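Engineer: Take this structure, written in structure tokens, and hold onto it; I'll ask about it next.
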């Protein structure tokens, strides 16, 4: 499980995440919610080693996550998607997923020599990529370049690339943002399935959607944890209502997917 | 006349293979790190001295000396990236480019101090009979150059298309930030890209040495043509660099034969301006579109 204690991230004089504790069990879907600027993405960046951490500890199982260089986070079992899809625009959809499998592949230069070991490994990698692409209805566009695809497809591909490495901890940063009503249910099903295999920590603004899938949510404001509990308990928590929920609601594509 | 023209073109292709090899290395380094390596020729030249010393002083066979020069070039490129440019990763790109300019002058100066500026002859690299194609003749040196360009071109294409390291390098070219987060060891792959790129420059330099002799400035003209070839090909396209180099070789040889060798550089740059006017992104380049 993920165990974060006292995680603090500073940008100059600004404390973006302030001594935050977070526990995420091995399996299930967990949500990070809060108003814009609360520090949710910064926390995900800290957990995935994108930004330096000023203090605290983070352990994933036996691994001291903060001692890892950024590129080793995937090998340690941490994969992530991005708020704005960070793809390789000229590589094909399939190649984007193979890059996501980079850290799991053993053969390096021998790939060009088509040795039996490299062939077997590549076949296995392609099979994994195919499975994820079919789950997200992206198999038909496997040879397309993301630069030529609609934004919703790019967001799905961003999540697919994180899923394909079969991580222990899947970090998703607003995965439903920009999806159409037709695309959202596919992603929802994939996230539900992933939650049965690994821990999913997801930033999401659609409270109704989270009520349908998240076991627990952590509410953040000004870099600190405001409250934590089941979605139902958060809905009636006065602090959460004050800083985040307010009193109005609107339905969205993602909410309709539930 | 036709036969004469074909002979000029054939010799031009052989000469152009040196430009193409140099350009391939330049593009490989640029694609990986976005740095235009002005020390590219000088680094190839420095590695050529390794081959020269092994052949002239220790009578090592050419093939072994050639291999040693390539290893030296790879190490030089990887070290320059890992030691100097990695520290400047967050510095303005201009600072990184100035490092390569400084390295260019430093290497030429160091080799001048160590070996002097007098040209040192390098014997022909292979002893085979000239290849006769009908009425056309290819010198052994030309055959070696073209064969190596072909082999290395195919090897590079396979490397980028079918290896994990090649895919990783393409990912770095597209989005370094995301590549790092996908588990790609960016620093290591950049060092490999620099090492391989400089080794390609060394291939061109060692092959050129029997013609140019070994001097600290032996690569100055070749690397300028390498830059032109890379730009004509659309700086960033490996195929473009290869084709650009071969076309340039033919053009330079035609100018040498029908006008005057002293005019070659001026005319080539005039033609470059014309090509860029008609196709600003080169022959194989794609327009840089920025979505806003």
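Protein chains in written order, with this note's numbering: chain A, 272 to 529; chain B, 5 to 296. Note that beta-carbon positions come from the ideal geometry of N, C-alpha and C, so glycine has one too. Predicted, not measured: the structure shown is a model, and the values here were computed from it.
Measure from the C-beta of residue 531 (chain A) to each C-beta in chain B and report whether the shortest distance is under 8 angstroms.
Structural biologist: Any question about residue 531 (chain A) goes unanswered here, given that chain A covers just 272 to 529.
Engineer: Please work out which residues of its chain come closer than 6 angstroms, Cβ to Cβ, to residue 273 (chain A), disregarding the five sequence neighbours upstream and downstream, and give them in chain order.
Structural biologist: These residues qualify, in order along the chain: 295, 331 and 440.
Engineer: Bridge partners for residue 500 (chain A) per DSSP, in chain order?
Structural biologist: Its beta-bridge partners are A:488.
Engineer: Locate the beta strand (DSSP E) running through residue 221 (chain B), then write down its first and last residues.
Structural biologist: Neither: residue 221 (chain B) is in no beta strand (DSSP E) and is coded neither H nor E.
Engineer: Helix, strand or coil for residue 127 (chain B)? Go by DSSP, reduced to three states.
Structural biologist: It is coil, neither helix nor strand.
Engineer: Indicate the three-state DSSP secondary structure (helix, strand or coil) for residue 457 (chain A) in the structure shown.
Structural biologist: The answer is helix: DSSP assigns residue 457 (chain A) an H, G or I state.
Engineer: Cα separation between residue 456 (chain A) and residue 42 (chain B)?
Structural biologist: One C-alpha to the other measures close to 52 angstroms.
Engineer: Would you check if there are 3 or more beta carbon pairs closer than 8 angstroms linking the region 85-96 of chain B to the region 211-224 of chain B?
Structural biologist: Touching, no.
Engineer: Determine the burial state of residue 502 (chain A): buried for a count of at least 16 other Cβ atoms within 10 Å of its Cβ, exposed for fewer.
Structural biologist: Counting Cβ neighbours within 10 Å, residue 502 (chain A) comes out buried, since at least 16 surround it.
Engineer: Assuming residue 474 (chain A) and residue 311 (chain A) form a contact by the criterion Cβ under 8 angstroms, report the distance between their Cβ atoms to the nearest whole angstrom.
Structural biologist: Right, their Cβ atoms sit about 5 angstroms apart.
Engineer: Against chain B, does residue 282 (chain A) count as a neighbour if the rule is that its beta carbon must be under 8 angstroms from one of theirs?
Structural biologist: For residue 282 (chain A), the answer is no, since every Cβ of chain B falls outside 8 angstroms of its Cβ.
Engineer: Taking just the CA atoms, how far does residue 86 (chain B) sit from residue 176 (chain B)?
Structural biologist: Going from the Cα of residue 176 (chain B) to the Cα of residue 86 (chain B) covers about 16 angstroms.
Engineer: Starting from residue 294 (chain A), trace the beta strand (DSSP E) in both directions and tell me its first and last residue.
Structural biologist: Here the beta strand (DSSP E) through residue 294 (chain A) covers 285-295.
Engineer: According to DSSP, residue 279 (chain A) sits in a beta bridge with which residue or residues?
Structural biologist: Answer is A:326.
Engineer: Report, in whole angstroms, the separation of the C-beta atoms of residue 32 (chain B) and residue 373 (chain A), which I expect to be a contact under 8 angstroms.
Structural biologist: Rounded, the Cβ-Cβ distance is 19 angstroms, inconsistent with contact.
Engineer: Closer than 9 angstroms, Cβ to Cβ, to anything on chain B: give me those residues from the region 336-352 of chain A, in chain order.
Structural biologist: Residues 340, 341, 342, 343, 344, 345, 346, 350 and 351.
Engineer: Is it the case that the region 399-408 of chain A contacts the region 427-439 of chain A, given that we only count it when at least three CB pairs across the two stretches are under 8 angstroms?
Structural biologist: Touching, per the Cβ criterion.
Engineer: Could you tell me which residues DSSP pairs with residue 351 (chain A) in its beta bridges?
Structural biologist: In the DSSP output, where bridge partners are listed per residue, residue 351 (chain A) has A:442.
Engineer: Just how far apart, CA to CA, sit residue 81 (chain B) and residue 48 (chain B)?
Structural biologist: Spanning the two alpha carbons is a distance of roughly 9 angstroms.
Engineer: Count Cβ pairs between the region 291-308 of chain A and the region 481-501 of chain A that sit closer than 8 angstroms; are there 3 or more?
Structural biologist: Enough Cβ pairs lie closer than 8 angstroms, so yes.
Engineer: If you run the structure through DSSP and keep just helix, strand and coil, what is residue 8 (chain B)?
Structural biologist: The answer is helix: DSSP assigns residue 8 (chain B) an H, G or I state.
Engineer: Anyone know if the C-beta pair for residue 351 (chain A) and residue 442 (chain A) falls short of 8 angstroms?
Structural biologist: The answer is yes: Cβ separation under 8 angstroms.
Engineer: At least one CB of chain A closer than 8 angstroms to the CB of residue 174 (chain B): is that the case?
Structural biologist: Cβ-Cβ to chain A under 8 angstroms: yes for residue 174 (chain B).
Engineer: Residue 297 (chain B) CB to nearest chain A CB: under 8 angstroms?
Structural biologist: Missing from the structure shown is residue 297 (chain B); chain B here goes from 5 to 296 and no further.
Engineer: Rounded to the nearest angstrom, what separates residue 132 (chain B) and residue 66 (chain B) at their Cα positions?
Structural biologist: So the alpha carbons of these two residues sit roughly 14 angstroms apart.
Engineer: When DSSP labels each residue in this structure, what does residue 40 (chain B) get in the three-state scheme?
Structural biologist: Looking at residue 40 (chain B) - three-state DSSP - the assignment turns out to be coil, as it is neither helix nor strand.
Engineer: Secondary structure at residue 301 (chain A), three-state DSSP: helix, strand or coil?
Structural biologist: Strand at residue 301 (chain A).
Engineer: At a CB-CB cut-off below 9 angstroms, which residues of chain B make contact with residue 366 (chain A)?
Structural biologist: The contacting residues are 171, 174 and 175.
Engineer: What are the partner residues of residue 274 (chain A), as DSSP defines its beta bridges?
Structural biologist: Answer is A:294 and A:330.
Engineer: Give the C-beta separation of residue 246 (chain B) and residue 28 (chain B) to the nearest angstrom, bearing in mind that I take them to be a contact with Cβ-Cβ under 8 angstroms.
Structural biologist: The Cβ separation is near 6 angstroms, so the contact holds.
Engineer: Go through its chain and collect everything with a Cβ distance to residue 284 (chain A)'s Cβ below 7 angstroms, but skip five positions before and after it.
Structural biologist: Taken in chain order, the list of residues that qualify is empty.
Engineer: Would you check if the region 504-511 of chain A and the region 331-348 of chain A touch, i.e. whether three or more CB-CB distances between them fall below 8 angstroms?
Structural biologist: The region 331-348 of chain A vs the region 504-511 of chain A: no contact.
Engineer: Quick one: using the 10 Å Cβ neighbour count with 16 as the cut-off for buried, is residue 7 (chain B) buried or exposed?
Structural biologist: That one is exposed.
Engineer: Taking any Cβ of chain A, which residues in the region 182-203 of chain B have a Cβ under 8 angstroms from it, in chain order?
Structural biologist: Listed by position, the residues of the region 182-203 of chain B near chain A (Cβ gap below 8 angstroms) are 182, 183, 184, 185, 186, 187, 188, 189 and 190.
Engineer: Got a sec? Which residues, its chain only, sit under 6 angstroms from residue 316 (chain A) by beta carbon, not counting five neighbours each side?
Structural biologist: Answer for residue 316 (chain A): 322, listed in chain order.
Engineer: Report, in whole angstroms, the separation of the C-beta atoms of residue 469 (chain A) and residue 446 (chain A), which I expect to be a contact under 8 angstroms.
Structural biologist: So it is not a contact: roughly 15 angstroms between Cβ atoms.
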